[in-house]
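A short worksheet on the structure shown next.
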């Protein structure tokens, strides 16, 4: 058995794999937050609740309508994204002109409401969601065992993050989006319907969170509390990456997942706090975050 | 002239509140309920000092509340020290933590500040979860003796305990009143309204923000230490982020940036959670709904709303600075990232 700093390669690579999977979720969630923040200037506190809604939506589709994982993967982001658009249209839009903290507080209230409702309906215990048949099993890579589903989650989220990045940086739609982030009044004057774009953007960010939820359902148990614990870590990730950049959100998401995995190998006690410690260190050196523009 | 009249009105209300507080055990108000509400009122007032007057939305006040609760509980139970020293130690610990957290978090502004405080508080939560030699882990510190205040007054007597809590919280409120009405309080409001201008006027904004952060942390700690004495219990619930959320809700319901708002809001919320406790998750849903209603259409809270009512009768009685934009501003286009396209009258919390 090969060893690496006194830790077996098997244990190390296993934790790194878990870290990469967690990082994939952090990246998708912080990407959604970054997109919403870019155009709406709102820190979407309900993001964790919407991630949880994604997992539950997949579970409900399977158990009540018999729709399998693959259908859920397409339908869930649409359904939860649409619910997000309703929140934007009927709540967030009316407080746009106020200070940003009110957006944070409103979405915090929405998160409490959503999580309370799901806890009331489904109880606090986790519900199992079976791994889809096509992705069951795994491969022996010689130094570690890689479950197929986890590999799929990692690659799929990389593709989603990459596609989102390309869409925002390289397409016409993305350039409208970036322009509206800089100066909505001017973009509106050119005939772009900025309020509608804001609604769609919020919906898209929420859909990303819901997609993360569907991906997470077979790995973690589907539970009303799954969003709360994740979102606070994602906030720390966002602070580390810096809100200004889409790339920063993706990079820091994956990197911090890996950092968390590594900590689990070398100093397990600190694994739940390591991201917050890194956040404190980054704040000391670069208050705007690693990729952030100074406000 | 305005200033004095308003201060007089505030003093009259404060005196009335104090009278109710003093008479509470004799007019049938349940002492434990009153003490719980008083502790949360002090916590909410401490939070409001930071958010309402300083414009800094802290999502991490549970960490100061909980830290003081643990320190007071631990020292009183295992070192056997008297309650006044225990409370002092708890408050000092919260203040020391406030120095560290404040120093880190005031590097970012606005919503970033909120996220940083939340993340730091969560870090501390995980730390306390594992440091079970000190915190008792999932069990917490239980059966903390109340002891004798100054070695004389037996706090196991309900009346003595109640009046001690009333005195501590009353002292806390008085201090907040003094701070808000001091030159320091005026500078604080100036920073909230327009930070760049305050900097250009020569104020050392960073230092002032840190000072108010530490002050708020210490007062939150005082509330936590007192709570430990009342319930003889310090648990992970005290450091959980849901406490921070409750405190924000109390302040919103009562009125952000009003002197009595957090006190009123704390009583309202403690009534809700005490009497609806049997409904389980419905309480969370109700809280969420109240949050949304307050942010959407009731931003001045109960006290702000009352002040507005009074204002129509006699204009001098109102709190002068609302934290929200006016209707005229609402009619305009949404605020952009860098520049407000329309002049917002007291547009609040500028970054």
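Protein chains in written order, with the working numbering: chain Z, -3 to 291; chain E, 10 to 360.
Yeah, the Cβ is synthetic: ideal placement off N, Cα and C, and Gly gets one too.
- For residue 186/Z, no CB of chain E lies under 8 Å from its own CB, so it is not counted at the interface with that chain.
- Counted as a single uninterrupted DSSP element, the stretch harbouring residue 90/Z is not any alpha helix (DSSP H), since DSSP gives it neither H nor E.
- Check the Cα spacing between residue 82/Z and each of 199/Z, 211/Z, 140/Z: the tightest is with 199/Z.
- Under DSSP, residue 135/Z forms a beta bridge with 142/Z.
- Counting along the chain, residue 172/E sits inside the alpha helix (DSSP H) bounded by residues 167 to 189.
- Counting the other Cβ atoms within 10 Å of the Cβ of residue 153/E gives 16 or more, which makes it buried.
- Taking 8 Å as the cut-off, the Cβ atoms of residue 57/Z and residue 45/Z do not count as close.
- Under the DSSP definition of a beta bridge, residue 26/Z lacks any partner.
- Interface flag for residue 16/E against chain Z is unset, since no Cβ pair is found closer than 8 Å.
- Bridge partners of residue 243/E according to DSSP: 150/E.
- Per DSSP, reduced to three states, the secondary structure at residue 17/E is helical.
- Within 10 angstroms of the beta-carbon of residue 136/Z lie fewer than 16 other beta-carbons, which makes it exposed.
- The Cβ-Cβ distance between residue 234/Z and residue 29/Z falls below 8 Å.
- Close to residue 39/Z, with beta-carbon spacing below 7 Å, are these residues of chain E in chain order: 120, 124.
- Under the three-state reduction of DSSP output, residue 64/Z falls in the coil class, being neither helix nor strand.
- Contact between the segment 280 to 295 of chain E and the segment 71 to 88 of chain E is absent: fewer than 3 CB-CB pairs across the two stretches fall below 8 Å.
- Using a CB distance cut-off of 8 Å, residue 65/Z does not count as an interface residue toward chain E.
- For the pair residue 189/E and residue 260/E, the Cα-to-Cα distance works out to about 16 Å.
- Between residue 90/Z and chain E, the shortest Cβ-Cβ separation is below 8 Å.
- Sorting 112/Z, 158/Z, 216/Z, 72/Z by C-alpha distance to the C-alpha of residue 42/Z places 112/Z at the top.
- In the displayed model, residue 3/Z falls within a strand according to three-state DSSP.
- Contacts between residue 298/E and chain Z, judged by CB atoms closer than 8 Å, involve 105, 109 in chain order.
- Annotation: the segment 143 to 184 of chain Z contains the following complete segments of the alpha helix (DSSP H) (minimum length 4 residues), in chain order: 144 to 166, 168 to 178.
- Proximity of residue 225/E to chain Z, defined by a Cβ-Cβ separation below 8 Å, is not satisfied.
- In the structure shown, the three-state DSSP call for residue 38/Z is coil.
- Under the Cβ criterion of 8 Å, residue 305/E is counted among the residues facing chain Z.
- What residue 128/E touches in chain Z, judged by beta-carbon distance under 7 Å, is 228, 231, 232, 235, 272, 275, going in chain order.
- Chain-order list of chain Z residues neighbouring residue 294/E: 108, 109, 112, 113, 116, by C-beta distance under 8 Å.
- A direct Cα-Cα distance of roughly 44 Å separates residue 158/Z from residue 213/E.
- Cβ proximity to chain Z below 8 Å picks out 289, 290, 291, 292 from the segment 280 to 292 of chain E.
- By the beta-carbon neighbour count (other beta carbons within 10 angstroms, threshold 16), residue 166/Z is exposed.
- Looking at the DSSP output, residue 18/Z bridges to nothing.
- Selection 136/E, 310/E, 210/E evaluated against residue 258/E yields 310/E as nearest (Cα-Cα).
- With 16 or more neighbouring CB atoms inside 10 Å of its own CB, residue 250/E falls in the buried class.
- Across the set 262/E, 298/E, 33/E, the C-alpha of 262/E shows the shortest separation from the C-alpha of residue 61/E.
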